[in-house]
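Protein chains in written order, with the working numbering: chain A, -6 to 303; chain B, 73 to 490.
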């Protein structure tokens, strides 16, 4: 009798029960995977596909093979809009990285206990809290060639006037400067939390060995801040590649298209008031995606390596 | 009996009000999408729809007002996915993508009715693509030079009639430490207005249209002559500095403060200039002067329109609404100074007693024999308009780059018009 009951329960144990350990993580991951697949992975392939067509978003799509990419290539060779956008993207990428040392500097400066330090910290963090649109507007007024504060300040030193937003050589740097303001605040917060975790015993030990100033920073503090630096790099690089809102607010890609970046150019070609070239926009998106992919792969790989190392 | 009497009276009243044959009572839903999101136009259009509703009490009218800029991108979605019965849009090439995609209803039957055919002839061309009409106009407005009369008086200048006088005026204005013209080219289209006028005055309406429809070359001598004229004004310092940084609204203060004497603009610039404190004694208007002798004067007069989407559900009611929109009485009301403050299209409408509206009406009805253009970015395909207007902006900042700019436009022409 007892035997029979035992075998029965053994038989009753379903497939799900037996594999519970293996299945459970996938079940928990399922919603995430589903949404990621539908809203991220599928559109990526859709864009690839769309970039092979010429389509105005309304009528019939016409298959044109790689012609959109060919057009992009010729725009690059002719130093036309695509070349300008790509060049500006590189400038953005390099200049935006200044947010990291700047954020570190401010974090070190604020990492002390004096009266009201919390207030100072929140003031420095403030630009990250306000909307990018507001940042853009504030800087547009600051740069205004006739009524702006910048020219008033330059005039005080007998310099200027300077029309930053109207000069095709300065405009990108002007916008990046506006973008650095909140980005620096972000990096600062990352480093401030990192500094909290710095081991005081190691600093003590370094001090006994006679390290101070820059040597202390370089050999003792910075190695301990590695995780913070890594995250700061990731968010800054991704942030620079998706720069769009500031350009849209401050210049609309102008003057004569000299402040465009790839993301903005894509929007302009495919989705703006004068844009009807979905396929061409998709081709630009694919190029931007490939550039981002290089960085993302590198980050994922180095993260993977680090996990392995532990 | 009394029921019958009531209905007859109602039908008579309706037909009298609209001067078109009255149809059977309209029922069902009528959804209307509007892009007139600014406060005054919005109230005007809502008032118009309310009057239409009064005439058709059994009809359930639903109005959706969409932000004017957002509308330009949303129309692509709602025409295909969730079409209203009536939608606003613009005339000429701006409606071509939707006509070609089969998203607008052919309303040639309306245009065959005498009430429309006889009174709206002036805009028929702008509403026609492939020999059919695709919508009806409800308003338009003139473009021209709005200037500070007090500054002209102070310098002893009069309204210029030709290019030589124009340049002589401008030289005196510049010598007095002002700019002749204010302009803000940040959003490009204002430069398109300048090109429209310079090209239509230099080469005439027909060449202008050939150029915008891709039949003429951007590197032709005619186009170069247009730019040479433009350059004369640029080189003498005729335009305000740093215009590439300003929107058209941000360029207004230069005129209000008297740092610039004039503004080539649409009639919509009058309201903000008055709001800024300029009186009608200080502000006046003149038609853009002739350049090449013998070239017929042609004007920009952008027309705003109503269309029936091809996917509309209640097309009968939509047609009735369009009939109401174009009727003489309605156009008089909505275009009055307290409404849109623009010009009615219906020839039987009366123009509100406003200094600028009267001058504009006079100019368009009797002094524009060459033709009426819509505007650069409405006559040219969207893509070409974008590239070209960017070129105009660059030219205004760096006139020496003209050859490179024109070569770029010519390349774009080869790609866009196929």
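Quick reminder that beta carbons are idealized off the backbone N, C-alpha and C, glycines included.
Can you find the residues in the same chain that come closer than 8 Å, C-beta to C-beta, to residue i, ignoring five residues on each side of it along the sequence?
i, result
"residue 118(A)", "178, 181, 182"
"residue 485(B)", "286, 289, 290, 456"
"residue 212(A)", "199, 204"
"residue 430(B)", "423"
"residue 125(B)", "131, 133"
"residue 420(B)", "191, 400"
"residue 195(A)", "213, 217"
So, is the C-beta of residue i closer than 8 Å to a C-beta in chain B?
i, result
"residue 9(A)", "no"
"residue 20(A)", "no"
"residue 249(A)", "yes"
"residue 129(A)", "no"
"residue 36(A)", "no"
"residue 138(A)", "yes"
"residue 240(A)", "no"
"residue 109(A)", "no"
Answer with yes or no whether the minimum CB distance from residue i to chain D is below 8 Å.
i, result
"residue 175(B)", "Within the model displayed, chain D is absent; protein chains A and B are what it includes."
Whose C-beta lies closer than 7 Å to the C-beta of residue i among residues of the same chain, with five residues either side of it excluded?
i, result
"residue 256(B)", "262, 315, 318, 319, 320, 322, 323"
"residue 130(B)", "97, 98, 99"
"residue 474(B)", "299, 467"
"residue 136(A)", "143, 157, 158, 167"
"residue 120(A)", "128, 174, 175, 178"
"residue 428(B)", "339, 342, 357"
"residue 304(B)", "239"
Can you tell me where the alpha helix (DSSP H) holding residue i begins and where it ends?
i, result
"residue 240(A)", "238 to 243"
"residue 338(B)", "Run containing residue 338(B): none in the alpha helix (DSSP H); it sits in the beta strand (DSSP E), 332 to 338."
"residue 235(B)", "235 to 247"
"residue 220(A)", "219 to 234"
"residue 145(B)", "140 to 152"
"residue 77(A)", "74 to 89"
"residue 379(B)", "Element bounds for residue 379(B): not the alpha helix (DSSP H) but the beta strand (DSSP E), 375 to 379."
Measure from the C-beta of residue i to each C-beta in chain A and report whether the shortest distance is under 8 Å.
i, result
"residue 469(B)", "yes"
"residue 457(B)", "yes"
"residue 466(B)", "yes"
"residue 316(B)", "yes"
"residue 94(B)", "Confidence is the limiting factor: at residue 94(B) the pLDDT is only 47, short of 50, which leaves the residue's position unreliable and the question unanswerable from this model."
"residue 144(B)", "yes"
"residue 204(B)", "no"
"residue 485(B)", "no"
"residue 259(B)", "yes"
"residue 375(B)", "no"
"residue 416(B)", "no"
"residue 152(B)", "yes"
Which same chain residues, not among the five before or five after residue i, have their C-beta less than 6 Å away from its C-beta?
i, result
"residue 259(A)", "274, 277, 278"
"residue 39(A)", "none"
"residue 309(B)", "246"
"residue 222(B)", "354"
"residue 180(B)", "204, 205"
"residue 284(B)", "451, 452"
Can you tell me where the beta strand (DSSP E) with residue i in it begins and where it stops?
i, result
"residue 371(B)", "370 to 372"
"residue 102(B)", "100 to 106"
"residue 216(B)", "215 to 220"
"residue 134(B)", "131 to 137"
"residue 443(B)", "443 to 445"
"residue 251(B)", "251 to 253"
Looking at residue i and the ligand ZN, is the gap between the Cβ and the nearest heavy atom below 7 Å?
i, result
"residue 140(A)", "Looking for the ligand ZN in the displayed structure turns up nothing, as the structure carries no ligands at all."
Contacting positions in the segment 254 to 280 of chain A - beta carbon closer than 9 Å to chain B | 261, 262, 264, 265, 266, 267, 268, 269, 270
Taking 8 Å as the threshold, find out whether the segment 78 to 89 of chain A comes into contact with the segment 164 to 176 of chain A through three or more Cβ pairs.
-> yes
Indicate whether the contact test is met: 3 or more Cβ pairs, each with one atom in the segment 209 to 220 of chain B and one in the segment 185 to 199 of chain B, closer than 8 Å.
-> yes
Against chain B: residues of the segment 38 to 65 of chain A by CB proximity under 7 Å | 49, 50, 51, 52
Contact the segment 150 to 169 of chain A vs the segment 322 to 339 of chain B: 3+ CB pairs below 8 Å | no
Residues in the segment 264 to 292 of chain B having any Cβ partner in chain A nearer than 9 Å | none
Contact the segment 387 to 394 of chain B vs the segment 408 to 417 of chain B: 3+ CB pairs below 8 Å | no
Give the residues from the segment 143 to 169 of chain A that approach chain B closer than 7 Å (Cβ to any Cβ), ordered along the chain.
-> 156, 158, 159
Touch check for the segment 257 to 277 of chain B and the segment 344 to 354 of chain B: three-plus C-beta pairs under 8 Å?
-> No: fewer than three Cβ pairs fall under 8 Å.
Is the segment 42 to 53 of chain A touching the segment 167 to 175 of chain B, taking contact as three or more C-beta pairs under 8 Å?
-> yes
Does the segment 441 to 454 of chain B come close enough to the segment 362 to 373 of chain B that 3 or more CB-CB pairs lie under 8 Å?
-> yes
Indicate whether the contact test is met: 3 or more Cβ pairs, each with one atom in the segment 350 to 366 of chain B and one in the segment 230 to 245 of chain B, closer than 8 Å.
-> By the criterion of at least three beta-carbon pairs nearer than 8 Å, the segment 350 to 366 of chain B is in contact with the segment 230 to 245 of chain B.
Say whether the segment 183 to 199 of chain A touches the segment 216 to 223 of chain A, bearing in mind that this needs 3 or more beta-carbon pairs closer than 8 Å, one atom from each stretch.
-> yes
The segment 113 to 131 of chain A / the segment 261 to 271 of chain A touching (three or more Cβ pairs under 8 Å) | no
Hey, is the segment 15 to 31 of chain A in contact with the segment 245 to 260 of chain A, meaning 3+ C-beta pairs nearer than 8 Å?
-> no
Could you run through the segment 120 to 137 of chain B and flag, in chain order, every residue whose CB is less than 9 Å away from some CB of chain A?
-> none
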